[in-house]
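J.:
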Amino acid sequence: MAKVQQHRVTSPQVRAGRRRTTARTREHDRKRPSWLNWIPALVGLVAVAGVLVVRQALPALGGEGGESGPRPIATLTVPDIHSLLVDPTNPDHVLFGSHAGIQESRDGGFIWQAGTLQNADAMSMAASSNDPATIFVAGHDVFLVSRDGGQTWQPVAHDLPGTDLHAFAQDSNDPRRLYALVVGVGIMTSADGGATWGPLSTQPPGVSGHGALATDGATLYAVTAAGLVRGTDGGTTWERTPAQPNGMVLSLAIPAATPRTLYAGTESGVAKSTDDGASWVELGPIDVPVLALAVAPSDPNRVLMVDNSGAVYRSDDGGASWMAPQ
Numbered sequence: 000m001a002k003v004q005q006h007r008v009t010s011p012q013v014r015a016g017r018r019r020t021t022a023r024t025r026e027h028d029r030k031r032p033s034w035l036n037w038i039p040a041l042v043g044l045v046a047v048a049g050v051l052v053v054r055q056a057l058p059a060l061g062g063e064g065g066e067s068g069p070r071p072i073a074t075l076t077v078p079d080i081h082s083l084l085v086d087p088t089n090p091d092h093v094l095f096g097s098h099a100g101i102q103e104s105r106d107g108g109f110i111w112q113a114g115t116l117q118n119a120d121a122m123s124m125a126a127s128s129n130d131p132a133t134i135f136v137a138g139h140d141v142f143l144v145s146r147d148g149g150q151t152w153q154p155v156a157h158d159l160p161g162t163d164l165h166a167f168a169q170d171s172n173d174p175r176r177l178y179a180l181v182v183g184v185g186i187m188t189s190a191d192g193g194a195t196w197g198p199l200s201t202q203p204p205g206v207s208g209h210g211a212l213a214t215d216g217a218t219l220y221a222v223t224a225a226g227l228v229r230g231t232d233g234g235t236t237w238e239r240t241p242a243q244p245n246g247m248v249l250s251l252a253i254p255a256a257t258p259r260t261l262y263a264g265t266e267s268g269v270a271k272s273t274d275d276g277a278s279w280v281e282l283g284p285i286d287v288p289v290l291a292l293a294v295a296p297s298d299p300n301r302v303l304m305v306d307n308s309g310a311v312y313r314s315d316d317g318g319a320s321w322m323a324p325q
């Protein structure tokens, strides 16, 4: 295989003041994916009365012209931003999934290169600390697995009723327990690593063809038309989380080693809950849709996210601050 030329990618300078706000608003409108409008009522259902959200002050990270606030450490130029995955054994090894396949970083998100999987829609990726060499990729007519840490890929032999998979999750405690959102069917689960599947005994309220899934083993979280919901007893009983993040939830991540903690990427940044969704703190970056989100299994304080423009952000302290470009 020919060696892929690495390249360093950095974000453009962002001007302060009114011009910065106007530019970001125009960029937001221009690059907002059309699928964000899949359920017009969803924003109203998520941002309802009773939401408990605290906005956390962001530390200044410096920059020219008095610039403050978080800045991306890299910018990815790809069609349709979908997913992030951090290697369970190496927090500096990060995979990014798009309609075009996978890109990877070996330095924690600063430098990116083409991965081993190309021309395949990587809407979701999953791996477990209990089986770190196995990586699943799911998407539009895509259901693949790697047994060697992402070096090679094979189709998963399965009995799913379809392979238009818009969300996917793996139990961090039991790597053979998988969940998939199948378009036109609902959420299905497998207890044998993906060979055989069956529908959840009870589907969450408002489930449709778009959403996000995450699980900590005991609880399955899903984004539906009803907002952010959680299911216990293997998805038998469902309820909305006591509080909802501010805005439509676009991505979810759960630190494998930190119980009760949940990150939600929304239309206006990223929010964090440390009490199973009873309350939320907004972390930033502010007012940008976070389409892909991941937490390092071996370091629950390392959080990475990608916004709708392809900008990559990284925190090494659980979202309290965000790294500056190198």
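Position 64 of the sequence shown, counted from 1, bears residue number 63 in numbering that gives the first Met the number 0, the numbering being contiguous throughout.
The C-beta atom is built at its ideal place from N, Cα and C for all residues, glycine as well.
1. Would you call the segment 169-181 and the segment 213-226 in contact, with 3 or more CB pairs under 8 Å?
2. Tell me which residue opens and which closes the beta strand (DSSP E) that H165 is part of.
3. Counting along the chain, where does the beta strand (DSSP E) carrying H81 start and finish?
4. Do you know how far the Cα of P198 is from the Cα of I186?
5. With a cut-off of 8 Å on the beta carbons, I'd call I80 and G309 a contact; round off their distance for me.
6. Let me know if E281 comes out buried or exposed under the rule of 16 or more other beta-carbons within 10 Å of its beta-carbon.
7. Under a Cβ-count criterion, where at least 16 other Cβ atoms within 10 Å of its own Cβ denotes burial, should E63 be classed as buried or exposed?
8. Terminal residues of the continuous beta strand (DSSP E) containing P131?
9. Along the beta strand (DSSP E) that carries D274, what are the first and last residues, could you check?
10. DSSP on G107, reduced to helix/strand/coil?
11. Within the segment 185-266, note down every full beta strand (DSSP E) run reaching 3 residues or more, in order along the chain.
12. With distances taken from CA atoms, which of G114, A137, F135, V93 is nearest Y312?
13. Between A270 and W279, is the Cβ-Cβ spacing less than 8 Å?
14. Using the Cβ count rule (16 or more neighbours within 10 Å means buried), how would you classify G264?
15. What did DSSP end up calling R146 once you bin it into helix, strand or coil?
16. If contacts are defined as beta-carbon pairs under 8 Å, then Q117 and A137 qualify, I think. What distance do you get, rounded to the angstrom?
T.: Let's see:
1. They touch, by the three-pair rule.
2. According to the DSSP assignment, H165 belongs to the beta strand (DSSP E) that extends over 164-169.
3. Per DSSP, the unbroken beta strand (DSSP E) holding H81 starts and ends at 80-85.
4. The alpha-carbon atoms of I186 and P198 are separated by roughly 6 Å.
5. Cβ atoms of I80 and G309 come within 8 Å of each other, at about 6 Å.
6. That one is buried.
7. In this predicted model, E63 has a pLDDT of only 36, less than 50, meaning its place in the structure is not dependable; the value taken from the coordinates is given anyway. Exposed.
8. From DSSP, the beta strand (DSSP E) with P131 extends over 130-138.
9. Counting along the chain, D274 falls outside any beta strand (DSSP E), and DSSP gives it neither H nor E.
10. Reduced to three states, the DSSP call for G107 is coil.
11. Within the segment 185-266, the complete beta strand (DSSP E) runs of at least 3 residues are 185-189, 212-214, 219-223, 226-231, 236-239, 248-252, 261-265.
12. If we check each option's Cα against that of Y312, V93 comes out closest.
13. Yes, the Cβ-Cβ distance between A270 and W279 is below 8 Å.
14. G264 should be labelled buried.
15. In the three-state reduction of the DSSP assignment, R146 falls in the coil class.
16. A Cβ-Cβ separation of about 16 Å leaves Q117 out of contact with A137 under the 8 Å criterion.
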